[in-house]
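**Q**
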Amino acid sequence: MTGRPNRRKFLGAALTGAGIVGAGTLSVSWLVTGGTTLGSELTSTARLPEPFGQALAIPGVLAPTRSDATTDYYAITQQVADVQILPGYSTRIWGYNGTFPGPTLQSSSARRTVVTHRNHLPVPVVVHLHGGHVPYDSDGFPTDYLLPAQWASAHTSHDAAGQVMRGQRDYDYPVGQPAATLWYHDHRMDFTGASVWKGLAGFHLINDDAERALNLPSGARDIPLMLTDRAFAADGALIYPGIDPSMTSTPGVTAEFTQGVLGDVILVNGVPWPTHRVTTARYRLRWLNASNARVYRLRIESKAAAAEYFTQIGSDGGLLAHPQVLTAIDIAPGERFDTILDFTECALGDLVTIHNDLGTGRTGEIMRFIIADRSADTSHVPDTLADIELHDPKTAVRTRHFDFRRGDMGDMRGWLINGLPFDAQRPAADPRLGDLEIWRFSTDFNHPVHVHLNQFQVLSRNRRPPRPSDAGWKDTVNLAAREVAEVAVKFTDYPGRFVMHCHTLEHEDMAMMATFATR
Ligand code: C2O
Ligand code: CU
Numbered sequence: 278m279t280g281r282p283n284r285r286k287f288l289g290a291a292l293t294g295a296g297i298v299g300a301g302t303l304s305v306s307w308l309v310t311g312g313t314t315l316g317s318e319l320t321s322t323a324r325l326p327e328p329f330g331q332a333l334a335i336p337g338v339l340a341p342t343r344s345d346a347t348t349d350y351y352a353i354t355q356q357v358a359d360v361q362i363l364p365g366y367s368t369r370i371w372g373y374n375g376t377f378p379g380p381t382l383q384s385s386s387a388r389r390t391v392v393t394h395r396n397h398l399p400v401p402v403v404v405h406l407h408g409g410h411v412p413y414d415s416d417g418f419p420t421d422y423l424l425p426a427q428w429a430s431a432h433t434s435h436d437a438a439g440q441v442m443r444g445q446r447d448y449d450y451p452v453g454q455p456a457a458t459l460w461y462h463d464h465r466m467d468f469t470g471a472s473v474w475k476g477l478a479g480f481h482l483i484n485d486d487a488e489r490a491l492n493l494p495s496g497a498r499d500i501p502l503m504l505t506d507r508a509f510a511a512d513g514a515l516i517y518p519g520i521d522p523s524m525t526s527t528p529g530v531t532a533e534f535t536q537g538v539l540g541d542v543i544l545v546n547g548v549p550w551p552t553h554r555v556t557t558a559r560y561r562l563r564w565l566n567a568s569n570a571r572v573y574r575l576r577i578e579s580k581a582a583a584a585e586y587f588t589q590i591g592s593d594g595g596l597l598a599h600p601q602v603l604t605a606i607d608i609a610p611g612e613r614f615d616t617i618l619d620f621t622e623c624a625l626g627d628l629v630t631i632h633n634d635l636g637t638g639r640t641g642e643i644m645r646f647i648i649a650d651r652s653a654d655t656s657h658v659p660d661t662l663a664d665i666e667l668h669d670p671k672t673a674v675r676t677r678h679f680d681f682r683r684g685d686m687g688d689m690r691g692w693l694i695n696g697l698p699f700d701a702q703r704p705a706a707d708p709r710l711g712d713l714e715i716w717r718f719s720t721d722f723n724h725p726v727h728v729h730l731n732q733f734q735v736l737s738r739n740r741r742p743p744r745p746s747d748a749g750w751k752d753t754v755n756l757a758a759r760e761v762a763e764v765a766v767k768f769t770d771y772p773g774r775f776v777m778h779c780h781t782l783e784h785e786d787m788a789m790m791a792t793f794a795t796r
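Position one of the sequence shown corresponds to residue 278 (my numbering), numbered consecutively onward.
(1) Whole angstroms are fine: how far does the CA of N695 sit from the CA of R759?
(2) Taking any heavy atom of the ligand CU as the mark, which residues have a C-beta closer than 5 Å to it, listed down the chain?
(3) Does the ligand C2O have a heavy atom nearer than 7 Å to the CB of G811?
(4) Does the Cβ of S472 have 16 or more other Cβ atoms within 10 Å, making it buried, or fewer, making it exposed?
(5) Kindly indicate which three-state DSSP category G817 falls into: helix, strand or coil?
(6) Indicate whether the contact test is met: 3 or more Cβ pairs, each with one atom in the stretch 516-533 and one in the stretch 479-486, closer than 8 Å.
(7) Can you say whether K671 is buried or exposed, counting buried as having 16 or more other CB atoms within 10 angstroms of its CB?
(8) Alpha carbons only, please: which of V400, Q427, D770 and Q536 is nearest the one belonging to E318?
(9) Quickly, what does DSSP pair P551 with across the bridge? List them, please.
(10) Let me know if T381 comes out buried or exposed under the rule of 16 or more other beta-carbons within 10 Å of its beta-carbon.
(11) Kindly give me the distance between the Cβ atoms of S656 and L493, rounded to whole angstroms, as I take these residues to be in contact under 8 Å.
(12) By DSSP, does H784 sit in helix, in strand, or in coil?
(13) Between L325 and P698, what straight-line distance do the alpha-carbon atoms span, to the nearest angstrom?
(14) I want to know whether the stretch 551-559 touches the stretch 340-353 - three or more CB-CB distances under 8 Å.
(15) Please classify S568: is it buried, with 16 or more other beta-carbons within 10 angstroms of its beta-carbon, or exposed?
(16) Determine, for S526, whether the minimum Cβ-Cβ distance to residues of chain C falls below 8 Å.
(17) Under three-state DSSP, which class holds T469?
(18) Which residues in the same chain have their Cβ closer than 6 Å to the Cβ of Y351, if we skip the five residues on either side of it in sequence?
(19) Per DSSP, Y573 forms a beta bridge with which residues?
(20) List the whole-angstrom C-beta distance separating G379 from P336, where the pair is believed to meet the contact cut-off of C-beta under 8 Å.
(21) Please return the same chain residues whose Cβ sits closer than 7 Å to the Cβ of A706, not counting the five positions on each side in sequence.
(22) Mind checking G311: buried by the 16 CB within 10 Å criterion, or exposed?
(23) Provide the residue span of the beta strand (DSSP E) that contains E763, from first to last.
(24) In angstroms, rounded to a whole number, what distance separates the CA positions of T527 and T781?
(25) Any contact between the stretch 439-452 and the stretch 407-419? By contact I mean 3 or more CB pairs, one from each, below 8 Å.
(26) Starting from E488 and walking both ways along the alpha helix (DSSP H), at which residues does that stretch end?
(27) Report yes if the C-beta of G537 is less than 7 Å from at least one heavy atom of the ligand C2O; otherwise report no.
(28) With a floor of 3 residues, list each beta strand (DSSP E) that falls wholly inside the stretch 690-776, ordered by position along the chain.
(29) Spatial neighbours of A649 within its chain, please: C-beta separation below 6 Å, excluding the five flanking residues on both sides.
(30) Answer with buried or exposed for P659, where buried requires no fewer than 16 other C-beta atoms within 10 angstroms of its C-beta.
(31) According to DSSP, what are the bridge partners of V404?
(32) Judging by CA-CA distance, which residue of D607, L710, P419 and M466 is the nearest neighbour of S592?
(33) DSSP three-state call for E318: helix, strand or coil?
(34) With a CB to CB cut of under 6 Å and the five nearest residues on each side skipped, what residues in its chain are close to R576?
(35) Check P600 in the structure and name its three-state DSSP category.
(36) Name the residue from D486, M466 and R563 whose alpha carbon lies nearest to the alpha carbon of T525.
In structure tokens, the structure reads:
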């Protein structure tokens with residue numbers, strides 16, 4: 278069976294020299310500004326560029342290999358590549374089609390999407406469509422491996438519980454999900470943090486007619502922005518404190534990093550602290566935090582008042598019912614904020630800078646826009662964006678409680694849910710499709726809680742109304758230390774085995790994940 282041998286091995290690894298977690302004392306350095314970022318920061322030894330000197334890159338949109346009456350087919354090869362991230366250095370990554378971020382997929386809600394992934398990497402992979410409403414066998418359960426073609430079978434004998442394939446694998450995404458900013462990333466058992474760090478992440482945008490009819494900013498004025506932090510060695514290589522750099526046998530990170538790995542270089546779409554040239558128009562900026570552990574607080578600095586705040590139009594699962602103004606956005610790993618930034622009142626040459634108020638020094642900077650040209654703008658941000666049916670908690674059939682905290686497991690300590698490490702075999706919950714349930718999450722430290730299969734609605738935080746930033750369809754809710762949130766979730770359409778977990782990837786890899794089985 279899976280889970281156990283693996284898990285014991287992992288917990289053993291995580292325990293190595295883990296005095297800081299074993300002693301039961303909490304190091305204050307875990308809690309960075311505001312108590313919303315956990316982790317230890319790596320220090321780059323490569324020469325780092327000054328912020329705002331590089332041009333923003335926008336990942337290319339992948340063309341289908343073929344289309345028929347109902348379906349668009351895509352092919353992605355996961356491969357090693359050498360790319361330039363820091364000026365003057367070559368950096369080896371693992372990329373979808375050899376790029377970081379991977380190519381952007383754009384699906385129409387009305388058409389089925391099939392993506393064939395080929396694994397040319399030296400290790401098994403798992404592809405998860407984060408936020409996707411998809412059947413279990415395409416969701417990327419952590420032991421549903423896609424092995425490299427040449428992988429020795431002995432290495433996965435203990436993972437027989439997964440649906441293992443070799444060489445290539447089709448991920449089948451049905452029609453029907455409303456317009457949303459989704460993303461795909463690696464979800465391999467025990468090694469998600471290391472794999473995503475190497476570059477296995479990309480956008481998957483869903484479009485539909487209802488959204489198109491709104492006339493939101495589009496084309497070159499609709500920009501997905503993937504936030505990640507990384508650190509670089511003197512030769513330009515990515516640094517990650519994994520115990521086993523080959524990522525084949527021993528999971529886990531060195532003891533100092535078990536609370537989360539932070540980099541000292543902020544990348545937007547794989548570019549360090551970029552600048553993007555814009556016109557005097559409204560732009561749709563789709564923020565995604567694809568970082569392993571870093572939480573950002575986005576704040577805008579601008580001379581023009583209209584460009585001093587974000588107008589949020591969507592969250593994880595799609596459009597909000599109504600736009601709302603946010604002067605700052607806290608965005609945790611896994612979360613998306615779909616926003617409008619209005620440059621119409623800016624003057625030529627104006628600089629609009631996005632800061633990270635949870636960072637310090639260079640990690641306090643994200644990116645910059647420069648107003649490079651004048652243009653007309655016929656886009657529109659209507660007062661009503663979408664018709665969102667609110668879940669009525671009075672109709673919930675049960676409440677389940679999931680407590681996320683560090684804890685003992687025998688003589689060891691790990692990141693646990695309800696005191697238990699991940700178990701691929703034994704579901705922690707068995708919700709019935711179509712039932713409304715209330716899930717209550719509680720925490721010891723910062724944990725962004727992510728649920729697969731269906732988005733949920735946040736009902737309360739700490740027994741008070743949710744925050745404005747909790748609005749809409751969420752699949753990841755960021756909880757600070759000692760917070761409690763209640764969410765209403767209704768799973769639909771697909772029976773099978775899914776996971777929920779902390780999206781701080783080092784916590785996820787260190788057992789803070791649970792299986793649930795829909796029926
Ligand atoms: Cu973004 Cu289970 O993952
Ligand atoms: Cu966590």
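Here a beta-carbon is modelled for each residue, glycine too, at the ideal position from N, C-alpha and C. Quick caveat: nothing in here was measured; it's all calculated off a predicted structure.
**A** Result, derived from the coordinates:
(1) Here the alpha carbon of R759 sits roughly 14 Å from the alpha carbon of N695.
(2) That query returns the following residues: H724, C779, T781 and H784.
(3) Because residue 811 is not part of the residues shown, which for the chain are 278 to 796, the question remains open.
(4) With 16 or more other Cβ atoms within 10 Å, it is buried.
(5) Summary: the structure shown does not reach residue 817, with the chain confined to residues 278 through 796, and so no result is reported for it.
(6) At 8 Å Cβ cutoff, the stretches do not touch.
(7) Answer is exposed; the Cβ neighbour count stays below 16.
(8) Measuring from the Cα of E318, the nearest candidate turns out to be Q536.
(9) Bridge partners of P551 according to DSSP: Q331.
(10) Under a 10 Å Cβ-count criterion, T381 is classified as buried, with 16 or more other Cβ atoms of the shown protein chains found around its own Cβ.
(11) Rounded to whole angstroms, the Cβ separation of S656 and L493 is 6 Å, and the two are in contact under 8 Å.
(12) Of the three classes helix, strand and coil, the one that applies to H784 here is helix, per DSSP.
(13) Their Cα atoms are separated by approximately 39 Å.
(14) Contact between the stretch 551-559 and the stretch 340-353 is absent: fewer than three C-beta pairs spanning the two stretches fall below 8 Å.
(15) So S568 ends up on the buried side.
(16) Here there is only one protein chain, and chain C is not present.
(17) Reduced to three states, the DSSP call for T469 is helix.
(18) Counting only residues of its own chain and dropping the five nearest sequence neighbours on each side, Y351 has a CB closer than 6 Å to the CB of L339, P341 and V392.
(19) In DSSP, Y573 forms a bridge with I608.
(20) About 7 Å separates the two Cβ atoms, so the contact holds.
(21) Closer than 7 Å at Cβ, skipping near neighbours: R677 and F793.
(22) Low confidence applies to G311: its pLDDT is 43, below 50, so where it sits in the model is not reliable, and the reading given next is rough at best. Exposed.
(23) Taken as a continuous stretch (DSSP letters only), the beta strand (DSSP E) holding E763 covers V761 to K767.
(24) Looking at the backbone, the Cα of T527 and that of T781 are separated by about 19 Å.
(25) The stretch 439-452, when compared against the stretch 407-419, does touch it at the 8 Å Cβ threshold.
(26) Taken as a continuous stretch (DSSP letters only), the alpha helix (DSSP H) holding E488 covers D486 to R489.
(27) G537: no, Cβ never under 7 Å from the ligand C2O.
(28) Within the stretch 690-776, the complete beta strand (DSSP E) runs of at least 3 residues are 713-720, 724-728, 733-738, 753-756 and 761-767.
(29) By the criterion of a C-beta distance shorter than 6 Å, A649 is surrounded in its chain by R554, once the five residues flanking it on both sides are discounted.
(30) With fewer than 16 other Cβ atoms within 10 Å, it is exposed.
(31) Its beta-bridge partners are D463.
(32) Comparing Cα positions, the closest option is D607.
(33) Three-state DSSP puts E318 in a strand.
(34) Apart from the 5 residues on each side of it in sequence, R576 sits with its Cβ closer than 6 Å to the Cβ of A605, H632 and D634 in its chain, given in chain order.
(35) Three-state result, P600: strand.
(36) Here the closest residue by C-alpha is M466.
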